[in-house]
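Trainee:
2 protein chains.
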Amino acid sequence: MKLSKLLGERTKEIPSVATVKSQALLMRAGYIKQVSNGIYSMLPPAQKVSVKIQNIIREEMNKVGGQEVLFPVVMPREMWEESGRYTSIGSEMVRFKDRNNHDMLLGMTHEEAAVHMAKNTAKSYDQLPFMIYQIQTKFRDEPRSRAGLIRVREFIMKDAYSFHTSQEDLEEYYKKVYDAYFNIYKRIGLKNVIAVAGDSGMMGGKIAHEYMLLTDIGEDSIAICDKCGYKANVEVAKGILDKVQDVDAELQEVYTGDAKTIDEICELFKVSPEKTIKAVCYAMEGDTEKSLIVFVRGDLEVNEAKVKFIIGKDIAPKDLDETSLVKGNIGPIGINDKNIVVLFDESLRDEKNMICGANKEKYHIKGVSTDRDIPNVVYYDVSKVKDGEGCVACGGKLKIYRGVEIGNIFQLGTKYTKPMNMTIHMPDGGEINPIMGCYGIGVGRNLACVAEESGDDKGLVWNMNIAPWEVEICPLRLDDENVKLKSLELYDQLQQCGVDVLYDDRDVSAGYKFADSELLGIPVRVVVSPRSLQDGNVEIAFRTGGDKKMISIENAVSFLKGYVASQKF
Amino acid sequence: MKLSKLLGERTKEIPSVATVKSQALLMRAGYIKQVSNGIYSMLPPAQKVSVKIQNIIREEMNKVGGQEVLFPVVMPREMWEESGRYTSIGSEMVRFKDRNNHDMLLGMTHEEAAVHMAKNTAKSYDQLPFMIYQIQTKFRDEPRSRAGLIRVREFIMKDAYSFHTSQEDLEEYYKKVYDAYFNIYKRIGLKNVIAVAGDSGMMGGKIAHEYMLLTDIGEDSIAICDKCGYKANVEVAKGILDKVQDVDAELQEVYTGDAKTIDEICELFKVSPEKTIKAVCYAMEGDTEKSLIVFVRGDLEVNEAKVKFIIGKDIAPKDLDETSLVKGNIGPIGINDKNIVVLFDESLRDEKNMICGANKEKYHIKGVSTDRDIPNVVYYDVSKVKDGEGCVACGGKLKIYRGVEIGNIFQLGTKYTKPMNMTIHMPDGGEINPIMGCYGIGVGRNLACVAEESGDDKGLVWNMNIAPWEVEICPLRLDDENVKLKSLELYDQLQQCGVDVLYDDRDVSAGYKFADSELLGIPVRVVVSPRSLQDGNVEIAFRTGGDKKMISIENAVSFLKGYVASQKF
């Protein structure tokens, strides 16, 4: 590839829309261009990196026996009604009517399509286990796309589905894919990756793992016990909370004026937030009348994933103006409205001398002993683990880290095969619904995560496995015939060896060329200059630093070919 | 790959839904499964062939300097309003509202996205020409999907867009892609392919070529002059029609009773269809009041593509009950309704003594001389060339063939760059809108066309370039330890040489194995049996016939490796 013809503009200016480093670098280096909110075009260098990442994923999936297939992007309503997800998934799924007025949708995931393909195609136990996967465009109408390719609405994803005759067989296979994912991250060059217990969310099933790149730009929070290694997304993490352990006091209504937030109440009563009861109000999916109030200890946050799992419905923050509730004064005592459903967090169990809202303007109640004053309560674990909580596994301390989810794997059980009526003949003559696993990884997000983790102040940094070009040839002084001839010769010879070469044929300054090369993130730069040629040499520099090398022009091709090969794995 | 785990069922029965050979074979061999009308899942063998075809296309595009990119599937309305196509394209384009109520659409083609990417990215004449392409899923809401993968609603397509500073430069580049397409067809194994002058349709522009696989199952008709080689889709083909050359006669209204069709009128008047005037009624896009009547000579068909081009709108057959017209009695004389627009075909120019409808029930008019009785007519070429018409180029005879369109290329001019305001700085200091070409080829349709053209009564036939597996190992009598060991050894060794091998590990009869192998279309089959091993040999058979070979087990790997390599190009 000649750089003069490469489509894409490289700029020094950091785009004002960029909120994270990877987004800024990918835009500055001419890798991506935004088309709409959360929708990007991939320019040639990004597409080259993307294809290389896809091929690594493909290789790792083939190594664990995966068979590549392709499911449709557009699917009919009927298929998703069989699983029940046509209605259970909200507005992140795009639905439309085709020209014949049939309800269609854009696939965000393909469990239904996988079962449709496998049903009546694999019928006997000896055809199992098998795994099918695809690499394909998905559209998910994210409410908040952000951070360039980190969270988008349209993306390419590898999604895989395995089918088993027993839970044991699934678990054995699940472990293989678990490891394959670490191979993928290693090969594309991500370093700070951990797998944590995750939320199975809309996929169903119980056991799930999320792969997290630990980084401050992450939206996910992960609780990690530095002592025993327990790791979980805070959405599912369990911790041991220190009880406040106060003594019973007298229940008393107190005038609190305009004090409404936990902070204001703590200030007024001179107590810490642990002594208060927080109320958070939600609307529940498919229910326009009722509101859900979750009560948690004042120092904690509601874990919405856990709430959704318990009530079996999606929830969303609710505007209190639509209810009979008094904003800032909601409390568990005397709340009595058939349109209010309440949920109490474990953190409130048997706590004494607490403060809560009085369900009337300008009043709170103090001296609340939960077990004494709020009878017949069932407590649920619906709060987020917080930094410093005890580890359930070893009693150590949990610490909270930020992470970006870069992959996830699920044990699905028969959530799809049962309602879709896929059966397998067993050796004993009986029939079972096969047990499924599913395994997802987004290509663009991983690309962006490499840019985020490895990029430096000069630009992007890719390893040899996924770099858009492996070597760049930078001739200085193209008006020098010898420089031009030797450079072109090198360019041709390297290409013939199968090396992916970018040739900077532009008549611009050395500084300009080097800056572009570093911004693009090419691992190796070969500088051909009149000076180096005087000694019969070219200069070789490495994107990740280290000593520059002078090497004789005769040996350059074999050195570069060998070096490139040695860096791939 | 072990055949026992390959997902897909192979059957002898021809599926009742299959209308063409390729559809039947791809279904019978477990390549495809229908998900919805015109929407298919690709099982592992189909996906393997598809990926190999994609890679051939990629290589050929890279050879002509193409840069691979990726545009989004989902695009915002605004981008398509710039080009005017948001409204000009009908219901084959899927439109929907996203969660924020923005109008979005599914891309069927990406001219707008290509200009969006290139605009402000390529600014100077010395960055041109360049070509960008993608290989990506498209959805086109076809009114009539048919014939398996031949005409579907969802498909993978390679679409390419080139940008030039002059028409000459476009034409030079266009010729390169024109040739590259023939390379693609040759490499994937299509034989009976021609390029014909085509209709630029909704793409705009004037010069266009369609690549046609000549086959009786084709929906397109192509006029070919066997003398001079003139070739064109009948949608744009021009021919020289023999005039009827009768003499003037007296104009006379005649009672014709229930005779309405051209055949019935010919029977009644004892004339040939050339002596009649046919009327065809259409609704025009965006116009609910007016109807369009096209008059052509009775032996000819209306060429709707030409009509659309002339009136600049889409048309669709119209139900006459919604108009004031008398069905079966429409004629050009005395038709006088402000809601009727008429168009006359060239075939009617200066014809004499014709018969047409009288615009009243049960009557026709005979003795019509068009130039005498229908004053102030402008004639347009709006009929389809018919078999036997004269060739405009050499005067020879045109013959009509059937074909499936397997690719198309267009010279677009500034149809997109001008309204989208993409400009390029020229050396003289001025600015121009660059001139574009675009180039499309569908992956699935080409796959199906190879199946259609090469498949035989035993099953699919693929060449070595695109076969899902290059070699199949068929051990007979797996209970024989020696057979099993030698087979597995061969399987491992061939894989290590990079040969794509299918291993039939099933304990079934030789006949069953051979039938599956032939149905799947594997080019080379290696039979390992106790009998052949007695002489230290294996038997090698070829899917396309020819002599079977016995070869020593020691030489098998090197022979197969060499043979496979020799068959690829």
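Chains as they are written, first to last, in the numbering used here: chain A, 732 to 1300; chain B, 732 to 1300.
Just so you know, even glycine gets a beta-carbon here, dropped at the ideal spot from N, CA and C.
Output yes if chain A places a C-beta closer than 8 Å to the C-beta of P874 (chain B); else output no.
Mentor: Your numbering for residue 874 (chain B) matches position 143 in the second sequence. Yes, because at least one Cβ of chain A sits closer than 8 Å to the Cβ of P874 (chain B).
Trainee: Under a CB-based cut-off of 8 Å, is F1026 (chain B) close to chain A?
Mentor: As a working note, residue 1026 (chain B) is residue 295 in the second sequence. Judged by the 8 Å Cβ criterion, F1026 (chain B) is not in contact with chain A.
Trainee: When you compare the CB positions of V795 (chain B) and K907 (chain B), do they come within less than 8 Å of one another, or not?
Mentor: Working through the second sequence from its first residue, we reach residue 795 (chain B) at position 64. Working through the second sequence from its first residue, we reach residue 907 (chain B) at position 176. Yes, the pair counts as a contact, with Cβ atoms nearer than the cut-off.
Trainee: S1283 (chain B) bridges to which residues according to DSSP?
Mentor: Start at 1 with the first residue of the second sequence, and residue 1283 (chain B) comes out as number 552. Beta-bridge pairing links S1283 (chain B) to B:N1268.
Trainee: Excluding the 5 residues preceding and the 5 following A1198 (chain B) in the sequence, name in chain order all residues of the same chain whose CB lies nearer than 7 Å to its CB.
Mentor: If you number the second sequence from 1, residue 1198 (chain B) lands on position 467. Excluding sequence neighbours, A1198 (chain B) sits near G1252, I1253 and P1254.
Trainee: Quick one: using the 10 Å Cβ neighbour count with 16 as the cut-off for buried, is N1268 (chain B) buried or exposed?
Mentor: Against the second sequence, residue 1268 (chain B) aligns to sequence position 537. By the neighbour-count rule (16 or more Cβ atoms within 10 Å), N1268 (chain B) is buried.
Trainee: Answer yes or no: does any C-beta atom of chain A fall closer than 8 Å to that of M888 (chain B)?
Mentor: Looking up residue 888 (chain B) in the second sequence gives position 157. Taking Cβ atoms only, chain A never reaches closer than 8 Å to M888 (chain B), which makes this a no.
Trainee: Could you check whether the Cβ of V795 (chain A) sits closer than 8 Å to any Cβ belonging to chain B?
Mentor: Taking the first residue of the first sequence as 1, we reach residue 795 (chain A) at position 64. No, no contact with chain B.
Trainee: How close, in whole Å, do the beta carbons of Y986 (chain B) and K1093 (chain B) come, if the pair is a contact with beta carbons under 8 Å?
Mentor: Residue mapping note: residue 986 (chain B) aligns to position 255 of the second sequence, counting from 1. Residue mapping note: residue 1093 (chain B) aligns to position 362 of the second sequence, counting from 1. Their Cβ separation, rounded to whole angstroms, is 6 Å, which keeps Y986 (chain B) and K1093 (chain B) in contact under 8 Å.
Trainee: In chain B, which residues lie with their C-beta within 8 Å of the C-beta of E885 (chain A)?
Mentor: Within the first sequence, numbered from 1, the residue matching residue 885 (chain A) stands at position 154. Those are P803, V804 and V805, listed as they occur along chain B.
Trainee: For a cutoff of 8 Å on Cβ pairs, would you count M773 (chain B) as touching chain A?
Mentor: Within the second sequence, the letter at position 42 stands for residue 773 (chain B). Output row for M773 (chain B): interface = yes.
Trainee: So, for Y904 (chain A): in the same chain, excluding its five sequence neighbours on each side, which residues have a beta-carbon less than 6 Å away from its beta-carbon?
Mentor: Translated into the one-based positions of the first sequence, residue 904 (chain A) becomes position 173. The residues are P860 and S893.
Trainee: Run through chain A and tell me which residues come within less than 7 Å of Q754 (chain B), C-beta to C-beta.
Mentor: Working through the second sequence from its first residue, we reach residue 754 (chain B) at position 23. Within 7 Å Cβ-Cβ: nothing; Q754 (chain B) doesn't reach chain A, min ~17 Å.
Trainee: Can you give, in chain order, each stretch of the alpha helix (DSSP H) that sits fully within the stretch 751-788 of chain A and has at least 4 residues?
Mentor: The qualifying runs are 752-759.
Trainee: Using 8 Å as the threshold, is the stretch 1256-1267 of chain A in touch with the stretch 1204-1224 of chain A, meaning 3 or more CB pairs across them?
Mentor: In short, these stretches touch, since the Cβ pair count reaches three.
Trainee: Would you list, in sequence order, the uninterrupted alpha helix (DSSP H) runs of no fewer than 4 residues that lie entirely inside the stretch 1113-1185 of chain B?
Mentor: Entirely contained in the stretch 1113-1185 of chain B, the alpha helix (DSSP H) runs reaching 4 residues are, in chain order, 1174-1185.
Trainee: Among B:A1036, B:E1053, B:D1052 and B:T1054, whose alpha-carbon lies nearest the alpha-carbon of I1046 (chain B)?
Mentor: Taking the second sequence and counting its residues from 1, the one referred to as residue 1046 (chain B) is at position 315. For I1046 (chain B), the nearest C-alpha among the options comes from B:A1036.
Trainee: Can you give the Cα-Cα distance for G1168 (chain B) and R1080 (chain B), rounded to whole angstroms?
Mentor: Here residue 1168 (chain B) refers to the residue found at position 437 of the second sequence. Here residue 1080 (chain B) refers to the residue found at position 349 of the second sequence. Going from the Cα of G1168 (chain B) to the Cα of R1080 (chain B) covers about 37 Å.
Trainee: DSSP on C997 (chain A), reduced to helix/strand/coil?
Mentor: Here residue 997 (chain A) is taken as the residue at index 266 of the first sequence, counted from 1. Residue state, collapsed to three classes: helix.
Trainee: Measure from the alpha carbon of E981 (chain A) to the alpha carbon of each residue in A:E1020, A:S1022, A:P1063 and A:K1097, then state which is nearest.
Mentor: By 1-based counting over the first sequence, the position of residue 981 (chain A) is 250. Nearest C-alpha to E981 (chain A): A:K1097.
Trainee: Which residues, in chain order, does the stretch 1115-1146 of chain A contribute to contact with chain B at a C-beta distance below 9 Å?
Mentor: Result list empty, no residue passes.
Trainee: Could you tell me which uninterrupted beta strand (DSSP E) segments, each at least 3 residues in length, are contained entirely in the stretch 905-942 of chain A, listed from first to last along the chain?
Mentor: Segments of the beta strand (DSSP E) lying fully in the stretch 905-942 of chain A: 924-928.
Trainee: Does the pairing of the stretch 752-766 of chain B with the stretch 1273-1286 of chain A give three or more beta-carbon distances under 8 Å?
Mentor: Result no; under three Cβ-Cβ pairs closer than 8 Å.
Trainee: With 8 Å as the threshold, decide whether the Cβ of H847 (chain A) is near any Cβ in chain B.
Mentor: To locate residue 847 (chain A), count along the first sequence from 1; it is residue 116. Answer yes: the Cβ-Cβ gap between H847 (chain A) and chain B drops below 8 Å somewhere.
Trainee: Looking only at its own chain, which residues have a Cβ that is under 7 Å from the Cβ of I919 (chain B), when we skip the five neighbours before and after it?
Mentor: Counting from one through the second sequence, the residue named residue 919 (chain B) turns up at place 188. If we look at I919 (chain B) and ignore the five residues flanking it on each side, its Cβ neighbours are I784, I787, N1177, V1181, N1196 and I1197.
Trainee: Going along the chain, which residues of its own chain have a beta-carbon closer than 6 Å to the beta-carbon of S1248 (chain A), five neighbours each way excluded?
Mentor: Translated into the one-based positions of the first sequence, residue 1248 (chain A) becomes position 517. Excluding residues within five positions, the ones whose Cβ falls inside 6 Å are E1203 and R1256.
Trainee: Using DSSP with H/G/I as helix, E/B as strand and the rest coil, what is H895 (chain A)?
Mentor: For the purposes of this step, residue 895 (chain A) is taken as residue 164 along the first sequence, with counting starting at 1. The answer is strand: DSSP assigns H895 (chain A) an E or B state.
Trainee: Just to confirm my understanding: we take A749 (chain A), look at its own chain, exclude 5 residues before and 5 after, and list those with CB closer than 8 Å. What are they?
Mentor: Here residue 749 (chain A) corresponds to residue number 18 of the first sequence, with the count starting at 1. Cβ within range, chain order: A755, M758 and G879.
Trainee: On a Cα-Cα basis, can you pick out the residue from A:R1028, A:I1163, A:K1189 and A:L1233 that is closest to V1099 (chain A)?
Mentor: On the first sequence, residue 1099 (chain A) is found 368 positions in, with the first residue counted as 1. The residue with the shortest Cα to Cα distance from V1099 (chain A) is A:R1028.
Trainee: Using only alpha-carbon positions, find the residue among B:Q1224, B:N1139 and B:G1276 that is nearest to A1301 (chain B).
Mentor: With chain B covering only 732 through 1300, there is no way to say anything about residue 1301 (chain B).
Trainee: Using a Cβ-Cβ distance cut-off of 8 Å, determine whether I1301 (chain B) contacts chain A.
Mentor: What is shown of chain B runs 732 to 1300, which leaves residue 1301 (chain B) out entirely.
Trainee: Give a yes or no on whether 8 Å exceeds the smallest Cβ distance from E790 (chain B) to chain A.
Mentor: One-based indexing of the second sequence puts residue 790 (chain B) at position 59. It does not; no Cβ of chain A falls within 8 Å.
Trainee: From Q1142 (chain A) to S767 (chain B), what does the alpha carbon distance come to, in whole angstroms?
Mentor: On the first sequence, residue 1142 (chain A) is found 411 positions in, with the first residue counted as 1. On the second sequence, residue 767 (chain B) is found 36 positions in, with the first residue counted as 1. So the two alpha carbons sit approximately 28 Å from each other.
Trainee: At least one CB of chain A closer than 8 Å to the CB of V780 (chain B): is that the case?
Mentor: Against the second sequence, residue 780 (chain B) aligns to sequence position 49. V780 (chain B) does not count as touching chain A.
Trainee: Starting from V1214 (chain B), trace the alpha helix (DSSP H) both ways and give me its first and last residue.
Mentor: Counted from its first residue, the second sequence places residue 1214 (chain B) at position 483. Its alpha helix (DSSP H) spans residues E1212 to Q1227.
Trainee: Excluding the 5 residues preceding and the 5 following R789 (chain A) in the sequence, name in chain order all residues of the same chain whose CB lies nearer than 6 Å to its CB.
Mentor: Locating residue 789 (chain A) in the first sequence gives position 58, counting from the first residue. Around R789 (chain A): no qualifying Cβ.
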